[in-house]
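Residues 63 to 356 in our numbering are what the sequence shown lists, from first letter to last.
Here is the structure we will look at.
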Amino acid sequence: MYRYYNKNGYDVMHYIFYSLSEFIDFLKSNNVCSNVFSDPSSISESYDFTQTRSLDEAMDLCLYGYHDNFNKLIQLKLQLEKYVKISSKRNKQYNDYIGYVPDVKAYLEGNPLSMLNKVSARRKKLDIYLNTSFRGDTPSESIYNRGAIVLTLVEILESLGYSVDLHLFEMSTIGSQMHFSEFILKRENERLNPQKLYFPLCHPSWIRRLNFRLIEETKDATNYGWARNYGIPSDISTIRQIIELNKNDIVIPTIDELNIRGIDIIEDANNLFEYINQQSDKDFELKKIKKFNK
């Protein structure tokens with residue numbers, strides 16, 4: 063879905079995609095606006111900058127799966143989970159006339175309430191918005207640490223009784239024009255899929271080939287400044303002016319803004335959670351686990 067609208071002084075070019083296949087299909091079915099982008103960076107950028115040899119390779123990795131060093135992300139996530147000290151909110155079980163499984167003991171005793179039923183706690187909806195941009199000199203250790211922390215964060219929130227939508231996004235500006243690409247890659251009724259999220263979370267070509275290509279195909283990106291640097295990344299205050307948030311929704315900014323250094327994942331996790339607590343409603347339940355202690 064694409065919308066072009068004015069908000070807070072910006073002419074916003076806003077894309078929303080609900081799957082990676084929808085995104086790649088869109089890129090393949092549209093053309094570069096050659097009047098602005100005479101030398102598209104999505105094609106011409108080097109392997110050193112993008113870690114892919116072509117736009118087609120980046121599309122294939124995004125669509126069919128990127129596996130190199132995937133275990134590194136999972137190991138970091140497991141390392142972090144060792145320090146998560148919080149119990150899940152479990153559904154309460156009780157005897158009833160109807161239910162999902164028989165209570166054999168109650169049946170043998172002639173109890174008419176011989177079925178086990180359960181009451182599901184009402185889940186609260188929450189959206190996480192993750193800015194996937196990072197500087198060209200950002201260490202890979204910082205990128206992987208943030209990825210592992212975000213995956214763990216989603217699972218923690220769901221254990222606390224939240225239903226989570228995970229939005230990955232990129233937002234940048236040239237003058238009064240803003241390009242805002244949003245990807246809802248985990249819906250509230252879906253289980254977290256680390257493999258699907260691995261390429262968008264950890265691979266440079268997610269921004270440096272695929273998102274560049276999306277900008278190149280945007281007909282409303284008429285300012286020639288887009289072709290020079292593909293926009294200036296928006297800071298957190300600008301992001302919050304554009305994204306409409308509910309009180310407990312979370313915006314996770316860039317790696318630099320979070321002070322994620324990639325040296326100690328526990329320290330990086332504490333920095334991210336501390337940032338969330340400072341930005342969130344005072345009653346936000348994540349405050350219960352804001353510090354991981356070794």
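Glycine included, every Cβ here is placed at the ideal spot set by N, Cα and C.
Exercise for review: Could you work out which residue in 282, 275, 137 is closest to residue 46 when comparing CA atoms only?
Suggested key: With the chain running from 63 to 356 in the structure shown, residue 46 is simply not present.
Check your understanding: From residue 110 to residue 223, what distance separates their C-alpha atoms?
Key -> 43 angstroms
Review point. Looking at C-alpha atoms only, which residue of 164, 122, 187 is the closest neighbour of residue 251?
Key: 187
Review point. Which residues share a DSSP beta bridge with residue 240?
Key: 74, 235
Exercise for review: With a cut-off of 8 angstroms on the beta carbons, I'd call residue 135 and residue 206 a contact; round off their distance for me.
Suggested key: 6 angstroms
Review point. So what's residue 262 in DSSP terms, helix, strand or just coil?
Key: helix
Check your understanding: Looking at C-beta atoms only, is the number of pairs between the stretch 237-247 and the stretch 63-83 that lie closer than 8 angstroms three or more?
Key -> yes
Exercise for review: Tell me residue 191's beta-bridge partners as DSSP assigns them.
Suggested key: 229, 313
**Study point:** Pairwise C-alpha distance: residue 66 and residue 320
**Key:** 30 angstroms
Check your understanding: Counting Cβ pairs closer than 8 angstroms, one from the stretch 254-270 and one from the stretch 312-332, do we hit at least three?
Key -> no
Point to revise | residue 273, enclosing alpha helix (DSSP H) - first and last residue | key: No alpha helix (DSSP H) holds residue 273; DSSP gives it neither H nor E.
Point to revise | Buried or exposed (CB count within 10 angstroms, at least 16 for buried), residue 199 | key: exposed
Check your understanding: With 16 as the cutoff for other CB atoms within 10 Å, does residue 278 come out buried or exposed?
Key -> buried
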